[in-house]
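In short: position in the sequence shown from 1, add 1007, done, that's the numbering used here. Just so you know, even glycine gets a beta-carbon here, dropped at the ideal spot from N, CA and C.
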Amino acid sequence: MLNKITSIVIAIFALALMYMSGKLLMVGGSPAYFLISIALLITAALLFLQKKIVLTFYAVVMWAILIWIIAQVGFDKWQWVPRGALFALIGLWLSLPFIVKPLYKAAVEKPEAENRKFHPFLGGTVWLMIVMVIGLMFYDSIRVTGDIQNPVEASDANVADEEWTAYGGNQDGLRFSKLMQINTENVGKLEKAWEFHTGDVRDPKVDASEYTFQATPLKVNSALYFCTANNQIHALEPETGKEIWKYVPKREGSYLQQHQTCRGVSYLDLASLTAVSTAAAPAAPQQCAKRIYTTTATNPKLIALDADTGKLCAGFGDNGQVDLLKNMGKILPHVYMQTAAPLVAGNLVIIGGSSMDNGYESGNPSGVIRAYDAVTGQLVWNFDPANPTLTAPLAEGQQYPYDTPIAWSTFTADTKNGLVYIPFGNGSPDLLGLGRDDNSTVEKFRDALVALDLKTGALKWSYQTSNHDLWDRDNPAQASLLDIDYQGKKQPAIVLPTKVGNIFVLNRLTGQPIYPIEQVKVSQEGIAGENYAATQPKSALNFLPETLTEKSMWGMTPFDQMQCQIGFRNNRYDGNPWTPSTEKGSIIFPGNMGVFNWGSISIDPERQILVATPLRLAYRYNLIKRTPETEEKRLFTKDGTPYWNENFKGVYATQISQFASPLGVPCIAPPWGRMVAVDLKTGKTEWVRRIGNTKNLKTTFLPMPFPLGFNVGMVAHGGTLTTKGGVVFHAATADNFFRAYDVNSGDKLWETELPAGGQATPSTFIGKDKQQYVVVAAGGHGSMGTTPGDSLIAYKVKN
């Protein structure tokens, strides 16, 4: 009776598999699952008829499936899951004694074997495969182990030491500290020193859905300074986490805003100013001799606070604030934001801005770069992509032109050579170029790394990292400055990671490539009227994702894997990251989240080791033709969710969604997040490892976060910190963990679970107690769905 019930279950499973695999065949997909479904139907029939040969037959089927799996994906255990797990369970069930014994008993040719409970071929096959799976648990197909031997060389690099004085550690943006008290030998003894709660949590009635605590705290002036998503500024005792002061602005969030975050603040001791000062600035009021500068995400302002008291600096702008909407013209609702730490360089505070992606076809705010006197708040110069030679401040009543490229990331300055580096992104709308004039001045700065004269804002050089960007391929990361010895030739370099996966290494004085860059040909066929670029730049140092195929599709089961394979077949994909968007739907790999984002990279300038966390996520871009009736109306999905890339009054809106299975799991096989180390002297990737596990992963098939932590390699949104102690700290994975790795090998040395998502970049410092601390924000990320919170947590080695 049990065998007949089993046969019916297998038959039902086989018919469901046949149905899905038939749909896959109809779109030109692989016949493998269809053939397996036929084999399962034969298995069910033989079992129903009590034929002992079913055991031998299914053992052959299992071997055929195993050979097929290895031919397709090698020994990647996670790729084995959809292709083999359910079929292996069927084999295990069929090999159990209560299935085997009735089959032998029913066999009349050998009555003496009727009490046999084990089938040698099937049972041996099952046990062998169990042993193989156990072995695969200790093997990682993507892991590249390393043992970096680069010695510490003489270097005059200005790196973070006992303090963390700027967003990237210092103005060079290396996210590297020469502290060695915490090292590879004792990092396993790290424990929590203190935890501070900001009290700033999302109010769903007024705040954006992407409400994120991504700040990297500064440690300077015997205090720890950081900001929150609602632009609260906190000053804490670094050793205890006790609050010294806080500044709380009026809450002005909006649920219609695209981003609500603050990634950092900046500091200046006016006593450090030198003759580079621009004008005869009045003496600073004593109460504001040391200052914290910040910008606000909504109702944009540049604010100066007394670093000792948290009070507004009355002599800066209008009672401590500069209105960033001045000369910007009429700003449409919710489109203009400030999310990055302002750059303090010499006597200047330099800021860019952020615009809502694809919100409106026209009338989007200018991407002007503005430099303000750090003492008075007076505008010193501006760089407007539409008028790059006119750097003098605009007169009252004049306006910066709309719809120019924006630079929303953090900037970097080379004060020794008098240069500031601006990583421009695209201009809104990011995903359509129907209204662009590719011969205009503006287009030269779209997705360009630009070097400006620090004193005047005059253009020195620019390099375009993406041609006619139609995918939101902003330059999102702060660039890093160091001198490198690439192939034996020492040069002053600037290193810029990009969303597409390129890491451009240029001479920071001239903009000429240090690492070779080629222009690769891409498709120019798409929607009518679009002027597609014929080529795209590809750096010799890159982590561009591999070309997707049907074999690349993944799932938890064969069914959702086939759904992904059908989706792959039904959407356009040109085999590279520059597939044009279509009304039918296109697979964009990587998508708008990119391979690298604002978390950037960290670099040890003494050993010239770069550490990065490239992502692997594919997205689906679907153009939606607007009509005269809908040009100013919001568009909604079937479940009532509004599109965020509506492009009001434009020809098309764009729906962007992660290319995922019905279970909410990415369609491409893991890893979705990796950590890599590169020797910048040679460009060789020295090691690769997965980062992050499935614990706390949100899916559509469970009412709660996934409870088990499988080491698949998770999405990470935030940066790394590297120290001279040989440790890489990272907390940005979607599993809420904070980890430490060995910079030489990539081995994991320590981890702890945070109370919320750690989508931020850590910093490190020495306290008054002479102890080294590592501090990280744990507040979650609205779009990633990680656990929300309001914690800033410090760790030190247990005595």
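Where does residue i sit, in a helix, a strand or coil, going by DSSP?
| i | result |
| --- | --- |
| N1577 | helix |
| I1106 | helix |
| E1198 | strand |
| T1564 | coil |
| T1692 | strand |
| T1050 | helix |
| Q1572 | helix |
| E1368 | coil |
| A1458 | strand |
| Q1385 | coil |
Between which two residues does the beta strand (DSSP E) carrying residue i extend?
| i | result |
| --- | --- |
| A1420 | T1419 to D1421 |
| N1514 | I1510 to N1514 |
| I1310 | K1308 to D1313 |
| W1252 | E1250 to Y1254 |
| W1757 | K1755 to E1760 |
| F1128 | No beta strand (DSSP E) contains F1128, which is instead part of the alpha helix (DSSP H) from P1127 to L1143. |
| A1784 | Q1779 to A1785 |
| T1729 | T1727 to T1730 |
| Y1146 | Where Y1146 is concerned, there is no enclosing beta strand (DSSP E), given that its DSSP letter is neither H nor E. |
| K1467 | L1466 to Q1471 |
| Q1498 | K1496 to P1504 |
| I1429 | L1426 to P1430 |
Start and end of the alpha helix (DSSP H) containing residue i?
| i | result |
| --- | --- |
| Q1665 | From DSSP, Q1665 is part of no alpha helix (DSSP H) but of the beta strand (DSSP E) over Y1659 to Q1665. |
| A1095 | K1084 to L1101 |
| L1339 | That residue, L1339, is in no alpha helix (DSSP H); it is neither H nor E in DSSP. |
| Q1079 | I1060 to V1080 |
| F1020 | L1009 to M1033 |
| I1534 | No alpha helix (DSSP H) contains I1534, which DSSP labels as neither H nor E. |
Are the beta-carbon atoms of residue i and residue j separated by less than 8 Å?
| i | j | result |
| --- | --- | --- |
| I1595 | A1625 | yes |
| P1565 | L1022 | no |
| S1014 | S1028 | no |
| Y1367 | L1332 | no |
| T1205 | D1797 | yes |
| N1424 | R1453 | no |
| V1618 | A1684 | yes |
| A1222 | P1245 | no |
| A1311 | C1295 | yes |
| Y1232 | I1189 | no |
| S1369 | D1410 | yes |
| W1679 | N1599 | no |
| W1468 | V1529 | no |
| Q1482 | P1499 | A quick correction: the sequence has Asn, not Gln, at residue 1482. No, these two residues do not count as a Cβ contact at 8 Å. |
| A1782 | P1769 | In the sequence under discussion, the amino acid at residue 1782 is Val, which differs from the Ala named in the question. Yes, these two residues count as a Cβ contact at 8 Å. |
| D1742 | G1716 | yes |
| Q1615 | N1157 | yes |
| L1456 | Y1493 | no |
| A1767 | A1738 | yes |
How many Å lie between residue i and residue j at the Cα?
| i | j | result |
| --- | --- | --- |
| K1640 | E1590 | 19 Å |
| G1690 | L1761 | 34 Å |
| F1666 | P1673 | 6 Å |
| V1722 | H1126 | 44 Å |
| F1220 | P1038 | 48 Å |
| K1199 | T1152 | 30 Å |
| L1280 | G1360 | 26 Å |
| L1799 | F1203 | 5 Å |
| H1266 | A1236 | 9 Å |
| L1101 | L1093 | 12 Å |
| Y1218 | E1525 | 39 Å |
| F1418 | G1384 | 19 Å |
| K1496 | P1612 | 15 Å |
| F1511 | Q1471 | 10 Å |
| N1228 | L1466 | 34 Å |
Can you name, in chain order, every residue of its own chain whose Cβ lies under 8 Å from the Cβ of residue i, other than the five neighbours on each side?
| i | result |
| --- | --- |
| A1660 | N1365, L1630, I1631, R1633, L1642, Y1650, N1652, E1653 and N1654 |
| G1484 | Note on identity: in this sequence residue 1484 is Ala, with Gly being the wrong assignment. Hits under 8 Å: S1416, P1430, L1503, P1504, T1505, F1603, N1604, W1605, G1606, S1607 and I1608. |
| D1083 | S1148, I1149 and A1676 |
For a cutoff of 8 Å on Cβ pairs, would you count residue i as touching chain C?
| i | result |
| --- | --- |
| G1732 | In the structure shown, chain C cannot be found, because there is only a single protein chain. |
Give me, in chain order, the residues of the same chain whose beta-carbon lies closer than 6 Å to that of residue i; leave out the 5 immediate sequence neighbours on both sides.
| i | result |
| --- | --- |
| F1020 | none |
| D1581 | S1530 |
| S1790 | E1217 |
| D1567 | S1668, P1669 and L1670 |
Closer than 7 Å by C-beta to residue i: which residues in its own chain qualify, once you throw out the five before and the five after it? Chain order, please.
| i | result |
| --- | --- |
| D1754 | Y1748 |
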